[in-house]
Amino acid sequence: MAMTVPTFNAVQASLWLTLCGRALDNRLSRPILGDNMADEVVRKVDFDYTKLHIPTSSAIYIAHRAKKLDEIAQRFIARHPDAVGLDLGAGLDSRALRITPPPTVDWYDVDFPEVVGTRPRMLPHDANPHPIGADLIEPTWLDTVPTDRPAVIVADGLIAFLSEDEMRTMVCRIIEHFPSGEIAFNGYSKFAVWAQKRFAGAESIKAVTRFPGFDDPRYPERWHPKLKLVKEILCTREPEVARFPVGLRLMNRLTAPSTAVSRRGNVVLHYAF
Ligand SMILES: C[S@@+](CC[C@H](N)C(=O)[O-])C[C@H]1O[C@@H](n2cnc3c(N)ncnc32)[C@H](O)[C@@H]1O
């Protein structure tokens with residue numbers, strides 16, 4: 124018998140979009156991420172993903188950006204085996220299972236208590252090294268996280284739900300907490316924010332999307348003097364595009380030469396501090 128689907132508010136329920144996106148990617152003949160666990164969780168709760176109207180292209184983009192964020196975390200951990208890792212707005216993602224940090228790394232998954240509270244029943248024990256149930260805009264959630272180790276912080280699908288002021292305050296707190304580190308998140312261009320409010324596949328989050336978006340990848344550098352852009356990853360130019368279905372691949376190939384047009388789509392922003 125399927126598990127009961129947990130009840131979440133609209134912001135928390137956005138986790139189904141990304142989880143189902145990765146599960147649908149996993150069901151493709153040539154998955155981009157191959158997130159078996161996402162697929163397993165969606166099957167376990169028998170979640171009716173059809174009501175989310177996620178087109179294959181969106182599922183692929185969701186999986187692709189997750190892969191780029193995984194790679195950033197993996198590379199950082201390879202250079203800093205004593206690192207602390209944080210997944211902000213982790214939802215029901217099992218990133219720790221995908222990136223398999225060594226035991227010397229402490230990995231924290233942060234989300235609202237209602238979401239973090241459901242993780243142990245949805246995900247295996249090793250997908251939940253250090254859960255933190257908190258509202259990320261509150262100042263105290265970092266209190267239990269070590270302050271003396273380099274940190275890699277990823278946020279996949281989170282920033283849409285924060286105001287710019289909340290995002291800036293949270294980023295500044297993180298930078299002040301650790302001696303050094305890297306932070307990466309999927310970008311929201313002004314066009315992406317505009318499109319998200321009109322796109323059927325994002326119907327469920329229209330009303331709770333708050334981030335205004337920005338186009339210049341250096342824009343967040345003004346949030347804190349230590350924050351420096353490492354790379355703007357325009358996904359149209361990434362090697363995984365070669366594995367996209369033909370129509371989507373062609374569209375990405377045509378878009379790739381234009382930075383301005385690529386920025387309107389799937390982008391991962393990577394910073395150091
Ligand atoms: C689109 S989902 C992405 C979930 C996950 N990162 C993934 O890729 O599947 C956004 C997540 O951010 C969380 N979130 C949004 N605002 C938050 C806040 N202020 N504090 C904690 N979590 C938040 C939501 O609960 C949700 O799980």
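Residues 124 to 396, numbered by this note's numbering, are exactly what the sequence shown covers, in order. For each residue, glycine too, the CB sits at the ideal point set by N, CA and C. Note that this is a predicted model, so its numbers are computed, not measured.
Query, Result
"Is it buried or exposed, S181, if we count other Cβ atoms within 10 angstroms and call 16 or more buried?", "buried"
"Please state whether DSSP places E261 in a helix, a strand or coil.", "coil"
"Mapping DSSP to helix, strand and coil, what is H300?", "helix"
"If contacts are defined as beta-carbon pairs under 8 Å, then P254 and D232 qualify, I think. What distance do you get, rounded to the angstrom?", "5 Å"
"Within this structure, are the beta carbons of V353 and L192 separated by less than 8 Å?", "no"
"Taking the straight line between their C-alpha atoms, what separation do you get for W230 and F322?", "34 Å"
"Just to confirm, is the Cβ distance from A219 to P243 under 8 Å?", "no"
"Taking only three categories from DSSP, how would you classify G256?", "strand"
"In whole angstroms, what is the alpha-carbon distance linking E237 and F131?", "7 Å"
"Hey, how far is the Cα of P368 from the Cα of R296?", "41 Å"
"Where does the unbroken alpha helix (DSSP H) through V168 begin, and where does it stop?", "No alpha helix (DSSP H) contains V168, which DSSP labels as neither H nor E."
"Relative to the alpha-carbon of I306, which residue among W139, L209, Q135 and Y184 has its alpha-carbon at the smallest distance?", "L209"
"Given this structure, state the Cα-to-Cα distance separating W317 from T227, to the nearest angstrom.", "42 Å"
"Check each candidate in I155, Y184, W139 and R153 and name the one with the smallest Cα separation from R166.", "W139"
"For the region 280–294 and the region 332–346, state whether three or more C-beta atom pairs, one from each stretch, are separated by less than 8 Å.", "yes"
"Going by DSSP, name the residue or residues bridged to A307.", "V277 and H393"
"Go ahead and pull the three-state DSSP assignment for V294.", "helix"
"Look at the alpha carbon of Y172 and the alpha carbon of F284, and state the distance between them as a whole number of angstroms.", "21 Å"
"Whose CA, out of W264, R198, A278 and V268, lies closest to the CA of G212?", "A278"
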